[in-house]
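One structure below.
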Amino acid sequence: MTRVTVSVSEPVIRWALERSRLRTSLEKDFPKLSEWLSGKSQPTLSQLEGFAKATSTPLGYFFLPQPPEERLPIPHFRTLNGDRPPEPSPDLLETVQLMERRQAWMREYLLEQGSEPLGFISSANLAIKPEELAREMRRTLGLEEEWASDQPRWTDALRLLYSRIEDAGVLVAVSSIVGNNTRRKLDPEEFRGFVLVDEYAPLIFVNGADGKAAQMFTLAHELAHLWFGKSAAFDLRELQPADDETERVCNRVAAEFLVPANRMRDFWTSAKQDTEPFQAAARHFKVSELVAARRAIDLGLITKSEFLEFYRDYKDREHRAAARGQKGGDFYATQNLRIGRRFAEVVIRAAREGSLLYRDAYQLTGLYGRTFEKYAQWLVGGAR
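Residue numbers (our numbering): 8 to 391.
Here it is, written out as structure tokens:
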């Protein structure tokens, strides 16, 4: 029986292959891929559908003569050391698009409810001193200067920060995957997070695939972006900003917000006598040792070579911990991070009041039927 093939564009197949960043596995899963690329043969519709799914590419794209131009709707700042910025992955594109849909719904809902715009959005300019903006950010969130130091552990400080940001009216989502697709892991080397500015429904997304130690700095960096009114995605490699003035200022503000310069300088005299000075500073300020080390180099307390030596050791330890693997956490607690407490509470309330169809609530949260109801019960029951 003759197989029916479809005529597809070789440039689009090549583009989809490169865009997926999965060349090795795709060449194994699709043995005739090289023939499709050379034009020696064409795929069947079934094969093309499989390839489209594997590369996260809309099927219709393969019938275009040339690849479409895909752009992020926000700037993507990369710490690249002179390398050409790569095209955004489908994982990043789809994650931004998902968050934009949630933000658009939330904005419309808040406007219908007569909500007022958030006064702190776009309220600062780049001429402001980092110390001044850090104080204003803490004031808005209801935090004292030593808010983190007062927590038992830095992980408690991180949870408190998430909670206070949401209480201030910001949507926060933390996820390591695209939507609820556990097979599509987000790459922290591509981006650690992004922020979507809006005066009614600002949104912060943190890449949960990144180490928790780095997430605190990412969160503070994104928070500063809201004050400057600048939407962006960023990789913050080694917690360093890209070559952009807004990025540099946001980094300085984030560092001051987490570890005030005057207190770090005062404490460093005793910390540097410790065999593990960064851990000593981390314990004192209730931040991760990565943030402590980054602050030390920013203030000229250590050399760049000392920081890089620490950073290499830190990354080695992080990789070993990841290799050991982690047990799955509580399902609903995980959803609370992926969806965001503030967003979930509003969606659930709107669905129960009848102003939002349950079908739409399912699509907005990615949870369906009984799973949605059980999560709603878990959330309303006070679990955090």
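Beta carbons: idealized from backbone N, C-alpha and C, even for Gly.
With 16 other Cβ atoms within 10 Å as the buried cut-off, status of residue i
i, result
"residue 166", "exposed"
"residue 104", "exposed"
"residue 5", "Limits of the chain in this structure are 8 at one end and 391 at the other, which puts residue 5 out of reach."
"residue 269", "exposed"
"residue 188", "exposed"
"residue 14", "exposed"
"residue 139", "exposed"
"residue 276", "exposed"
"residue 391", "Any reading at residue 391 must be qualified, since the residue scores a pLDDT of 47, below 50, and its modelled position is unreliable; the value itself is stated next. With fewer than 16 other Cβ atoms within 10 Å, it is exposed."
"residue 215", "buried"
"residue 97", "buried"
"residue 478", "Past the boundaries of the shown model lies residue 478; the chain is included only from 8 to 391, so the question cannot be answered."
"residue 250", "exposed"
"residue 388", "exposed"
"residue 357", "buried"
"residue 23", "buried"
"residue 99", "buried"
"residue 217", "buried"
"residue 282", "exposed"
"residue 327", "exposed"
"residue 18", "exposed"
"residue 109", "buried"
"residue 52", "exposed"
"residue 324", "exposed"
"residue 267", "buried"
"residue 364", "exposed"
"residue 315", "exposed"
"residue 72", "exposed"
Whole-number beta carbon distance between residue j and residue i, since they are thought to touch under 8 Å
i, j, result
"residue 133", "residue 201", "Actually they are not in contact, since the Cβ atoms of residue 133 and residue 201 sit about 20 Å apart, beyond 8 Å."
"residue 354", "residue 368", "5 Å"
"residue 213", "residue 226", "6 Å"
"residue 59", "residue 36", "Not confirmed; about 13 Å, so no contact."
"residue 79", "residue 208", "Not quite, the Cβ-Cβ distance comes to about 19 Å (not below 8 Å), so this is no contact."
"residue 148", "residue 171", "4 Å"
"residue 95", "residue 77", "7 Å"
"residue 288", "residue 274", "6 Å"
"residue 145", "residue 152", "7 Å"
"residue 128", "residue 206", "5 Å"
Cβ shell of residue i (< 6 Å), same chain only, five flanking positions each side left out
i, result
"residue 382", "339, 342 and 374"
"residue 176", "125"
"residue 255", "248"
"residue 229", "200, 202 and 211"
"residue 241", "84"
"residue 181", "213, 215 and 344"
"residue 141", "260, 263 and 264"
"residue 346", "372"
"residue 191", "98, 184 and 185"
"residue 222", "213"
"residue 173", "179, 348 and 349"
"residue 309", "303"
Segment limits, beta strand (DSSP E) that includes residue i
i, result
"residue 192", "188 to 192"
"residue 213", "210 to 214"
"residue 180", "178 to 182"
"residue 358", "Per DSSP, residue 358 belongs to no beta strand (DSSP E); it is in the alpha helix (DSSP H), 348 to 360."
"residue 239", "239 to 241"
Sequence-distant residues of its chain with Cβ nearer than 8 Å to residue i (five each side left out)
i, result
"residue 89", "Confidence at residue 89 is low in this model, with a pLDDT of 46, below 50, so the placement of that residue is unreliable and no value is reported for it."
"residue 232", "202, 204, 238, 239, 253 and 257"
"residue 386", "339, 343, 348, 351, 352 and 355"
"residue 198", "83, 99, 214, 240, 241 and 242"
"residue 48", "12, 39 and 42"
Contacting residues, own chain, Cβ-Cβ under 7 Å from residue i (five flanking each side not counted)
i, result
"residue 56", "66"
"residue 130", "234"
"residue 46", "17"
"residue 30", "24"
Residue interval of the alpha helix (DSSP H) (run including residue i)
i, result
"residue 200", "No alpha helix (DSSP H) holds residue 200; the beta strand (DSSP E) holding it covers 200 to 203."
"residue 20", "17 to 27"
"residue 164", "161 to 174"
"residue 365", "365 to 372"
"residue 299", "296 to 305"
"residue 4", "Lying before the first or after the last residue shown, residue 4 is absent from the chain, which here runs from 8 to 391."
"residue 234", "219 to 235"
"residue 108", "97 to 119"
"residue 273", "268 to 278"
"residue 147", "137 to 148"
"residue 376", "376 to 387"
CB contact below 7 Å: residue i versus chain E
i, result
"residue 159", "Among the chains in the structure shown there is no chain E, since it carries only a single protein chain."
Exercise for the section: For the region 63 to 81 and the region 36 to 43, state whether three or more C-beta atom pairs, one from each stretch, are separated by less than 8 Å. Expected result: no
Exercise for the section: Please determine if the region 299 to 307 and the region 259 to 269 are in contact, where contact requires at least 3 C-beta pairs separated by less than 8 Å. Expected result: Yes: the two stretches touch, three or more of their Cβ pairs being nearer than 8 Å.
Handout entry: Cβ contact (3+ pairs, closer than 8 Å) linking the region 153 to 173 and the region 287 to 299
Key = yes
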